[in-house]
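Numbering (the numbering used here), first residue to last: 34 to 408.
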């Protein structure tokens with residue numbers, strides 16, 4: 034009943050995607066990440082040119098609602114919203130050829146920005162693409178904490194092509210991760226979204242042809258602004274399905290559980306917590322679908338930058354609060370893996386660091402509000 038006033042097309046897409054996910058779940062069991070990725074691509078989610086952004090968001094929500102791993106939903110949303118859709122304006126014909134397998138899941142892409150000393154401060158990055166006499170580039174450096182790096186085929190690698198701190202000193206290259214000079218580290222042992230591999234990419238004199246740079250030399254900051262804005266705006270769509278599942282399960286549990294001779298659902302305290310959970314989910318859906326519709330309406334990335342940061346902050350924090358309340362109301366079963374009611378509290382907490390740490394995003398929001406605050 035919570036979504037009776039929601040756009041009927043959106044809710045229909047959510048439910049259709051949920052049915053697809055439920056049919057897919059048995060096939061995903063015991064499969065590797067790449068095998069799961071290929072199976073999930075059958076849903077059509079990664080067909081970037083097929084459907085609106087709003088439609089894609091509803092598909093992500095539906096897959097999460099079906100009970101498919103939040104980690105897989107996160108990875109799919111990250112590639113679609115953080116790379117595939119925003120980078121279209123910069124791709125040349127050769128790059129499109131290399132990435133032809135993205136839509137059917139045959140090709141996996143990763144976003145290689147973060148370094149040991151240059152994550153939230155991209156102007157401090159040390160990875161360099163040095164131009165050679167024949168017009169090619171020589172790529173040297175290391176990227177850390179890169180989602181899908183151990184299994185990806187290509188990477189969007191953000192590099193320094195100039196020596197200063199001007200935005201035009203940054204570029205971004207499409208790098209074939211099977212090329213000589215590329216080395217992948219072992220997958221990191223993660224506690225959040227452990228099913229999605231994350232790792233290190235090292236580049237030792239990797240040759241890049243001139244056509245490897247998206248938008249040409251100096252376009253890196255523009256591409257980064259687009260990819261990070263899209264990611265902040267829509268990545269947290271992966272949380273909507275799990276949030277709805279936790280709310281539904283908590284309501285069902287409260288109705289069937291008895292305490293001191295009466296239903297747990299009769300408690301005003303429990304009712305207040307369920308109301309708060311409903312509020313967190315309602316607000317998150319309104320924010321995410323609201324910004325998706327604005328993108329569909331043609332609002333530019335520049336106009337959406339501050340709004341995207343606020344959406345990411347709000348939804349990630351509401352996801353965390355809702356998960357905490359679900360765990361609190363579930364009692365000890367929330368911490369027993371095979372109880373059927375286990376709650377993952379680490380992954381929601383980790384979402385407050387994805388696509389920019391929330392505390393740092395708050396600085397940019399305050400700056401846009403008029404405060405002369407520096408990074």
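All residues carry an ideal CB built from backbone N, CA and C; glycine is no exception.
Keep in mind that this is a model prediction, so the values were computed, not measured.
Rounded to whole angstroms, what's the CA-CA distance from residue i to residue j? Just pull it up for me.
i, j, result
"residue 340", "residue 405", "18 Å"
"residue 343", "residue 167", "45 Å"
"residue 208", "residue 178", "17 Å"
"residue 297", "residue 359", "14 Å"
"residue 302", "residue 129", "55 Å"
"residue 87", "residue 135", "20 Å"
"residue 82", "residue 159", "35 Å"
"residue 200", "residue 255", "8 Å"
"residue 142", "residue 131", "11 Å"
"residue 205", "residue 280", "41 Å"
"residue 389", "residue 198", "20 Å"
"residue 59", "residue 80", "23 Å"
"residue 169", "residue 258", "25 Å"
"residue 295", "residue 362", "16 Å"
"residue 356", "residue 330", "33 Å"
"residue 368", "residue 383", "18 Å"
"residue 313", "residue 171", "48 Å"
"residue 20", "residue 300", "What is shown of the chain runs 34 to 408, which leaves residue 20 out entirely."
"residue 196", "residue 156", "10 Å"
"residue 73", "residue 232", "22 Å"
"residue 332", "residue 291", "51 Å"
"residue 221", "residue 140", "22 Å"
"residue 354", "residue 240", "47 Å"
"residue 45", "residue 98", "13 Å"
"residue 163", "residue 173", "8 Å"
"residue 249", "residue 349", "34 Å"
"residue 334", "residue 387", "19 Å"
Kindly examine the ligand SAH and report whether one of its heavy atoms sits closer than 8 Å to the Cβ of residue i.
i, result
"residue 103", "In the structure shown, the ligand SAH is absent, as is every other ligand, since no ligand is present at all."
Round the Cβ separation of residue i and residue j to the nearest angstrom and send it over; I've been treating them as touching at under 8 Å.
i, j, result
"residue 50", "residue 110", "About 13 Å separates the two Cβ atoms, so there is no contact after all."
"residue 190", "residue 145", "5 Å"
"residue 115", "residue 54", "No, residue 115 and residue 54 are not in contact; Cβ-Cβ is about 21 Å, not under 8 Å."
"residue 270", "residue 321", "5 Å"
"residue 293", "residue 317", "Not quite, the Cβ-Cβ distance comes to about 34 Å (not below 8 Å), so this is no contact."
"residue 61", "residue 113", "About 18 Å; that fails the 8 Å criterion."
Going by DSSP, name the residue or residues bridged to residue i.
i, result
"residue 144", "189"
"residue 173", "161 and 237"
"residue 179", "232"
"residue 206", "190 and 246"
"residue 292", "295"
Return helix, strand or coil for residue i, following the three-state DSSP convention.
i, result
"residue 224", "coil"
"residue 410", "Residue numbering for the chain in the displayed model covers 34 to 408; residue 410 lies beyond these limits and cannot be assessed."
"residue 409", "Since the first and last residues shown for the chain are 34 and 408, residue 409 lies out of range."
"residue 135", "coil"
"residue 393", "helix"
"residue 350", "helix"
"residue 215", "strand"
"residue 281", "helix"
"residue 120", "coil"
"residue 196", "coil"
"residue 368", "helix"
"residue 385", "coil"
"residue 64", "coil"
"residue 330", "coil"
"residue 184", "coil"
"residue 301", "helix"
"residue 46", "helix"
"residue 270", "helix"
"residue 260", "helix"
"residue 101", "coil"
"residue 82", "coil"
"residue 87", "helix"
Point to revise | Any 3 or more C-beta pairs closer than 8 Å across the region 231-243 and the region 177-195 | key: yes
**Study point:** Stretch pair the region 281-293 + the region 304-321: three plus CB contacts closer than 8 Å
**Key:** yes
Review point. For the region 54-71 against the region 101-115, are there 3 or more C-beta pairs whose distance is under 8 Å?
Key: yes
Exercise for review: Please determine if the region 317-334 and the region 242-249 are in contact, where contact requires at least 3 C-beta pairs separated by less than 8 Å.
Suggested key: no
Check your understanding: Taking one C-beta from the region 222-233 and one from the region 375-392 each time, how about it: are there three or more such pairs within less than 8 Å?
Key -> yes
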